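Novice: Please find one structure pasted underneath; my questions will follow.
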């Protein structure tokens, strides 16, 4: 028995959780882009008081964080790294949203949420690497 091994995670989800994390990371980047576009249009129409958080983006970020926590139980090293990136994106979302409100109040153009985008792209790249190893690991092992 390995540390942090649970029956349901180890047996059922172990094979699919890297793909779930990768898919959620891509969905999170897409919802982040759509959320920023809606913030820009809301700021143009209604000002700082009209800017609201995107529910879809909030749900996708929470799902990504929870999926990375589940991946910690499958693979400790990769899971902790992904969870750190996901938590960074989650926390950066709060600060980036407040920064957009300040920009709207001071009549400045809304910038893209650079820190959150960076953290999300790290998740996509790292989860993509894990998925590639899962898919082609048997082929790469004899070559490397």
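Residue numbers (the working numbering): 115 to 258. The C-beta atom is built at its ideal place from N, Cα and C for all residues, glycine as well. Remember, it's a predicted structure, so these values are computed and weren't measured experimentally.
Taking the alpha carbon of residue 230 as the reference point, which residue from 198, 159, 130 and 134 has its own alpha carbon closest?
Specialist: Residue 198 holds the alpha-carbon nearest to the alpha-carbon of residue 230 among 198, 159, 130 and 134.
Novice: Determine the extent of the alpha helix (DSSP H) in which residue 164 is found, giving its start and end residues.
Specialist: No alpha helix (DSSP H) contains residue 164, which DSSP labels as neither H nor E.
Novice: Just verifying my parser: in three-state terms, what is the DSSP assignment at residue 227?
Specialist: Correct three-state label for residue 227: coil.
Novice: With distances taken Cα to Cα, identify the nearest neighbour of residue 178 among 161, 237 and 152.
Specialist: 237
Novice: Inspect the beta-carbon positions of residue 185 and residue 135 and report whether they are closer than 7 Å.
Specialist: Yes, they are a contact pair.
Novice: Just reading off the alpha helix (DSSP H) that residue 212 is part of, what are its end residues?
Specialist: Unbroken alpha helix (DSSP H) run through residue 212: 190-219.
Novice: Which value, in whole angstroms, describes the spacing of the CA atoms of residue 180 and residue 154?
Specialist: A straight line joining the alpha-carbon of residue 180 with that of residue 154 spans about 29 Å.
Novice: Among the candidates 211, 221, 249 and 247, whose CA atom is the shortest distance from the CA of residue 167?
Specialist: 211
Novice: Along the chain, where does the alpha helix (DSSP H) containing residue 145 start, and where does it finish?
Specialist: 131-160
Novice: Checking 7 Å against the spacing of the C-beta atoms, do residue 131 and residue 188 come in under that value?
Specialist: If you check the CB distance, residue 131 and residue 188 come in under 7 Å.
Novice: Would you call the CB atoms of residue 233 and residue 182 closer than 7 Å?
Specialist: no
Novice: Measuring CB to CB, does residue 139 end up less than 7 Å from residue 241?
Specialist: With respect to the 7 Å criterion, residue 139 and residue 241 are classified as neighbours on the basis of their beta carbons.
Novice: Given that a residue counts as buried once 16 or more other Cβ atoms are within 10 Å of its Cβ, and exposed if not, what is residue 252?
Specialist: exposed
Novice: Going by beta carbon distance, what residues of the same chain come within less than 6 Å of residue 243, once the five residues before and after it are set aside?
Specialist: Taken in chain order, the list of residues that qualify is empty.
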